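Take a look at the structure set out below.
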């Protein structure tokens, strides 16, 4: 088995997202995830199409233990998306979602065309960046922001992901919030 760019020994198996009975291994950065094809394909037409393409034997493609490997995402964001895939309640509005989690899901659910996941993450992001309260931004306190470790960095990341994902209606509040974040934050 071969793996371009990484040796098998240098990869770390994700502790929660490695299932011995799974048929797809995804590698992002130096992290590997062994997941079930059906779990990936159900919410995503793109992943379903990608994983339905048969791979010829010994074609030099990237494989580990005979399983197909897909790369190019951040390990952190891919882990967030895979956790959402394995959470049967994720698409429903049932619990608090962190800003980091919502941004990760928005980026990758847009990339892999996962409409229910995209909608859910976008709805959650509107709690962090409400478009209807732009006028009252001065003194705005969002209960969700208390757990955000680096607000400036997360706001810059949010701008990038909102643009990349076409969630442009979030941008006015994000920019306004960034202008009002104190230097200590």
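Numbering (full-length UniProt numbering), first residue to last: 1 to 185. By construction, the Cβ of each residue, glycine as well, lies at the ideal position given by its N, Cα and C atoms. Just so you know, these numbers come straight off a predicted model, no measurement behind them.
Check, Outcome
"Collapsed DSSP secondary structure at residue 175 in the structure displayed", "helix"
"In DSSP terms, what residue 28 is bridged to", "31"
"Check whether residue 125 and residue 102 have beta carbons under 7 Å apart", "yes"
"Nearest-angstrom Cα separation, counted from residue 162 out to residue 177", "14 Å"
"Start and end residues, alpha helix (DSSP H) containing residue 76", "75-86"
"Integer-rounded CB distance, given that residue 113 should sit under 8 Å from residue 160", "Their Cβ separation, rounded to whole angstroms, is 20 Å, which puts residue 160 and residue 113 out of contact at 8 Å."
"Straight-line gap, residue 32 to residue 26 (C-alpha atoms, nearest Å)", "6 Å"
"Residue environment, residue 85, which counts as buried when at least 16 other CB atoms sit within 10 Å", "buried"
"Where residue 168 sits in the DSSP three-state scheme", "helix"
"Cβ-heavy atom distance, residue 177 to the ligand NAP, below 6 Å", "Among the components modelled here there is no ligand, and therefore nothing to report on the ligand NAP."
"Limits of the unbroken beta strand (DSSP E) element including residue 11", "Residue 11 -> no beta strand (DSSP E), and no H or E assigned at all."
"Neighbour-count burial assignment, residue 13, 16 or more Cβ in a 10 Å radius", "exposed"
"Pairwise C-alpha distance: residue 51 and residue 75", "19 Å"
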